[in-house]
Amino acid sequence: MSHAFAKDSRACAACVSWGGERMLSEDNTLVHVARHGVEGECRTASSQDYRKITKGYHTCSAWAPLPMLKKHGGRIGHPATSQPHTPVTAAASRPVPVAAAFAAAPVATPVVDAPPPPCRADVIDVEQTPQVRALYTHWLRLKRKRRMPLAVEIDTAQVRESVPRMALMTPTADGADFVYASCGRALQRRLAERPTTRRVSECHPEQAARRWLTDLRACLDSGEPRCLLVRDDPMLPGAKFVELLLPLADVEGGPATRVLAYRHVPGG
Numbered sequence: 337m338s339h340a341f342a343k344d345s346r347a348c349a350a351c352v353s354w355g356g357e358r359m360l361s362e363d364n365t366l367v368h369v370a371r372h373g374v375e376g377e378c379r380t381a382s383s384q385d386y387r388k389i390t391k392g393y394h395t396c397s398a399w400a401p402l403p404m405l406k407k408h409g410g411r412i413g414h415p416a417t418s419q420p421h422t423p424v425t426a427a428a429s430r431p432v433p434v435a436a437a438f439a440a441a442p443v444a445t446p447v448v449d450a451p452p453p454p455c456r457a458d459v460i461d462v463e464q465t466p467q468v469r470a471l472y473t474h475w476l477r478l479k480r481k482r483r484m485p486l487a488v489e490i491d492t493a494q495v496r497e498s499v500p501r502m503a504l505m506t507p508t509a510d511g512a513d514f515v516y517a518s519c520g521r522a523l524q525r526r527l528a529e530r531p532t533t534r535r536v537s538e539c540h541p542e543q544a545a546r547r548w549l550t551d552l553r554a555c556l557d558s559g560e561p562r563c564l565l566v567r568d569d570p571m572l573p574g575a576k577f578v579e580l581l582l583p584l585a586d587v588e589g590g591p592a593t594r595v596l597a598y599r600h601v602p603g604g
């Protein structure tokens with residue numbers, strides 16, 4: 337018996353009408369169908385006439401449990417014309433047992449997110465770091481005039497390209513934290529809230545804030561600049577950037593009381 341195919345698709349015309357999953361045999365004489373819990377081998381087709389196919393496939397054992405489509409002359413819940421004595425409904429199809437369905441379902445394995453790597457910073461040679469050269473040269477020029485450069489002496493016109501990435505940090509009264517006295521727009525874009533007048537511990541995640549506070553205190557206590565290569569900071573996840581910390585005084589001849597921080601992050 338030859339198997340009929342729809343003229344435009346080389347697929348079984350009977351099976352196409354129900355959209356079944358099908359697999360041709362090697363000699364193209366039968367089709368394995370699986371649809372709505374019905375499985376079997378369809379041998380209904382015997383000609384190339386699509387109208388005959390769609391009327392005849394309801395007699396095939398693979399498709400008999402399914403109702404005849406309305407456009408083929410049947411109504412769901414009523415007997416098919418080719419089977420006048422057998423009521424055929426969609427409920428007559430053989431459902432997959434519940435236990436088998438659950439057994440076949442893959443077990444979802446919960447994905448546990450790995451904790452982010454800790455933020456860390458390594459001291460690097462400021463003389464060999466081109467990203468901070470302009471700002472460091474300006475600070476060094478001021479330091480030649482007096483023991484400690486004054487905060488009011490920083491001329492932003494001379495370090496115009498550095499301004500968006502700069503922040504002036506002032507220690508709290510107890511020295512346990514630092515406050516943003518001012519902050520450039522490139523740094524602000526990488527923080528959740530506007531940082532000016534806020535503490536470092538309020539603007540940064542705990543581990544990153546702890547790392548930065550340690551370096552800010554070291555710069556303030558030593559009165560010496562610190563150039564660092566920062567890795568895995570939440571401000572720039574998965575990347576690294578150069579950070580320059582410069583001590584500044586409020587009064588001439590006095591100790592360092594502020595830190596000018598430059599963080600070379602993208603943006604401007």
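Numbering (the working numbering), first residue to last: 337 to 604. Cβ atoms here follow ideal geometry from the backbone N, Cα and C, with glycine treated the same way. This one's a predicted model, so the numbers in the text were calculated from it and none came from an experiment.
Residue i vs residue j beta-carbon contact at 8 angstroms
{"i": "Val595", "j": "Leu582", "result": "yes"}
{"i": "Val499", "j": "Thr492", "result": "yes"}
{"i": "Arg535", "j": "Asp513", "result": "yes"}
{"i": "Arg501", "j": "Ala470", "result": "no"}
{"i": "Pro466", "j": "Trp475", "result": "no"}
Euclidean distance between Cα positions of residue i and residue j
{"i": "Glu588", "j": "Cys539", "result": "31 angstroms"}
{"i": "Val488", "j": "Val601", "result": "25 angstroms"}
{"i": "Leu584", "j": "Gly574", "result": "31 angstroms"}
{"i": "Ala592", "j": "Asp551", "result": "14 angstroms"}
{"i": "Gln334", "j": "Glu560", "result": "Outside the displayed range of the chain (337 to 604) lies residue 334, so it cannot be described from this structure."}
{"i": "Thr473", "j": "Val462", "result": "10 angstroms"}
{"i": "Asp510", "j": "Trp548", "result": "17 angstroms"}
{"i": "Val578", "j": "Asp458", "result": "10 angstroms"}
{"i": "Val515", "j": "Arg525", "result": "18 angstroms"}
{"i": "Ile460", "j": "Glu542", "result": "24 angstroms"}
{"i": "Arg553", "j": "Arg477", "result": "23 angstroms"}
{"i": "Lys576", "j": "Pro451", "result": "18 angstroms"}
{"i": "Lys479", "j": "Ala517", "result": "22 angstroms"}
{"i": "Arg546", "j": "Glu529", "result": "19 angstroms"}
Terminal residues of the alpha helix (DSSP H) in which residue i lies
{"i": "Leu476", "result": "Arg469 to Lys479"}
Where the beta strand (DSSP E) containing residue i begins and where it ends
{"i": "Asp458", "result": "Arg456 to Val459"}
{"i": "Val495", "result": "Element bounds for Val495: n/a, residue is neither H nor E."}
{"i": "Ala522", "result": "Note, Ala522: premise wrong, no beta strand (DSSP E); alpha helix (DSSP H) at Arg521 to Gln524."}
{"i": "Thr506", "result": "Met502 to Pro507"}
{"i": "Val566", "result": "Arg562 to Arg567"}
6 angstroms CB neighbourhood of residue i in its chain, flanking five on each side removed
{"i": "Cys519", "result": "Ala503, Pro531 and Thr532"}
{"i": "Asp557", "result": "none"}
{"i": "Leu580", "result": "Val468, Cys563 and Tyr598"}
{"i": "Gln494", "result": "His474"}
7 angstroms CB neighbourhood of residue i in its chain, flanking five on each side removed
{"i": "Ala544", "result": "Cys455, Asp569 and Pro570"}
{"i": "Leu527", "result": "Cys539"}
{"i": "Pro453", "result": "Asp568"}
{"i": "Ile490", "result": "Leu596"}
Whole-number beta carbon distance between residue j and residue i, since they are thought to touch under 8 angstroms
{"i": "Cys563", "j": "Val468", "result": "6 angstroms"}
Neighbourhood of residue i by C-beta, 8 angstroms cutoff - its chain only, sequence neighbours within 5 removed
{"i": "Asp586", "result": "Leu486, Ala487, Thr593 and Arg594"}
{"i": "Arg482", "result": "Glu588 and Gly589"}
{"i": "Thr508", "result": "Phe514, Val515 and Arg535"}
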